[in-house]
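K.L.:
Numbered according to the working numbering, the sequence shown spans residues 797 to 955. The structure follows.
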Amino acid sequence: MSDPTSAAGTFAGYKLALLSLPVVASLIAFWLGMRFVPLRTADPRGDLLNRVLACLVSGFVLGVPCLVFLMQHWPGIFDAGVRLAIVAAMPEIAGFFVITGCVFVVCSMPGPWIVAAVFLWLERRKGKTITEIAQDLRDEVGALHRSTPSQGNNQGGPL
């Protein structure tokens, strides 16, 4: 004889797993960020707020193009999310939101690193005028452009 709560518990387990995927992914991403780049001791609360806001902005700025890319090139991932929601006896749209949530979490990871790089770059130019900062930016972009080989200038090298 089976336990009468086992079937209900199984569905509750599926629902819990389905809805917690984006949350678990975001907690792991946040933990990795805190583990490898600890908060500044001078202003830990402000640094934490900056990181969270950078994650949100990065998630939406990078997440939307990634979702469009997924919809165009790998639409089966959303079908898999819908099937997972159906198995968990949830509305089909829940599977879409789980996939979307995970994509936004993954896209939010580079946000604090980009913000930290920009602030570090600006910190190194403290005391300079805006024209000097613009000239530094122009020089660095020009050096980056010069170091990148051009696409159409193949001189008969290996393919």
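All residues carry an ideal CB built from backbone N, CA and C; glycine is no exception.
(1) Provide the residue span of the alpha helix (DSSP H) that contains Arg-847, from first to last.
(2) So Gly-855 and Cys-903 are in contact, right, with Cβ under 8 Å, and what is the actual spacing, rounded?
(3) So what does DSSP say about Leu-835, is it helix, strand or coil?
(4) Cα separation between Gly-861 and Glu-928?
(5) Which residues mark the beginning and the end of the alpha helix (DSSP H) in which Gly-872 is found?
(6) Give me the residue from Val-937, Gln-931, Arg-934, Ile-910 with the minimum Cα distance to Leu-849.
(7) At the level of alpha carbons, what is the spacing between Ile-907 and Val-820?
(8) Could you pull the start and end residues of the alpha helix (DSSP H) that Thr-927 belongs to?
(9) Return the CA-CA distance between Val-914 and Arg-921, expressed in angstroms with no decimal places.
(10) Within the same chain, show all residues whose beta-carbon is closer than 6 Å to that of Asp-875, passing over the 5 residues directly before and after it, in chain order.
(11) Distance check for Leu-916 and Trp-870, CA to CA, integer angstroms please.
(12) Leaving out five residues on either side along the sequence, give the residues of the same chain with a beta carbon under 8 Å from the beta carbon of Asn-846.
(13) Need the endpoints of the alpha helix (DSSP H) that Gly-907 sits in, please.
(14) Taking the alpha carbon of Gly-891 as the reference point, which residue from Phe-900, Val-901, Ile-873 has its own alpha carbon closest?
(15) May I ask you to report which of helix, strand or coil DSSP gives Gly-829?
P.N.:
For this structure:
(1) Residue 847 sits at position 51 when you count from the first residue of the sequence shown. Segment 840 to 869, the alpha helix (DSSP H) holding Arg-847.
(2) Your numbering for residue 855 matches position 59 in the sequence shown. Your numbering for residue 903 matches position 107 in the sequence shown. Separation of the CB atoms of Gly-855 and Cys-903 is rounded to 5 Å, and the pair is thereby assigned contact status at 8 Å.
(3) Position 39 of the sequence shown, counted from the first residue, corresponds to residue 835. In this structure, Leu-835 counts as coil in the three-state DSSP scheme.
(4) The residue you call residue 861 lines up with position 65 of the sequence shown. The residue you call residue 928 lines up with position 132 of the sequence shown. The sequence shown places Pro at residue 861, rather than the Gly named in the question. Spanning the two alpha carbons is a distance of roughly 34 Å.
(5) Here the question's residue 872 lines up with position 76 in the sequence shown. Gly-872 -> alpha helix (DSSP H) spans 872 to 883.
(6) The sequence position of residue 849 within the sequence shown is 53, counting from 1. With distances taken between Cα atoms, Leu-849 lies closest to Ile-910.
(7) Residue mapping note: residue 907 aligns to position 111 of the sequence shown, counting from 1. Residue mapping note: residue 820 aligns to position 24 of the sequence shown, counting from 1. Before going further, note that residue 907 is Gly rather than Ile in the sequence given. One C-alpha to the other measures close to 18 Å.
(8) Numbered from 1 along the sequence shown, position 131 holds the residue referred to as residue 927. Unbroken alpha helix (DSSP H) run through Thr-927: 926 to 943.
(9) Stepping through the sequence shown from its first residue, residue 914 is reached at position 118. Stepping through the sequence shown from its first residue, residue 921 is reached at position 125. Cα to Cα, the separation comes out at about 11 Å.
(10) Counting from 1 along the sequence shown, the entry for residue 875 is found at position 79. Answer for Asp-875: no residue qualifies.
(11) Reading the sequence shown from its first residue, position 74 is the one you call residue 870. Reading the sequence shown from its first residue, position 120 is the one you call residue 916. Trp-870 and Leu-916: Cα-Cα distance of roughly 37 Å.
(12) On the sequence shown, residue 846 is found 50 positions in, with the first residue counted as 1. By the criterion of a C-beta distance shorter than 8 Å, Asn-846 is surrounded in its chain by Pro-908, Val-911, once the five residues flanking it on both sides are discounted.
(13) Within the sequence shown, numbered from 1, the residue matching residue 907 stands at position 111. Segment 906 to 919, the alpha helix (DSSP H) holding Gly-907.
(14) Here the question's residue 891 lines up with position 95 in the sequence shown. For Gly-891, the nearest C-alpha among the options comes from Ile-873.
(15) Counting from one through the sequence shown, the residue named residue 829 turns up at place 33. DSSP, reduced to helix, strand and coil, places Gly-829 within a helical segment of the structure shown.
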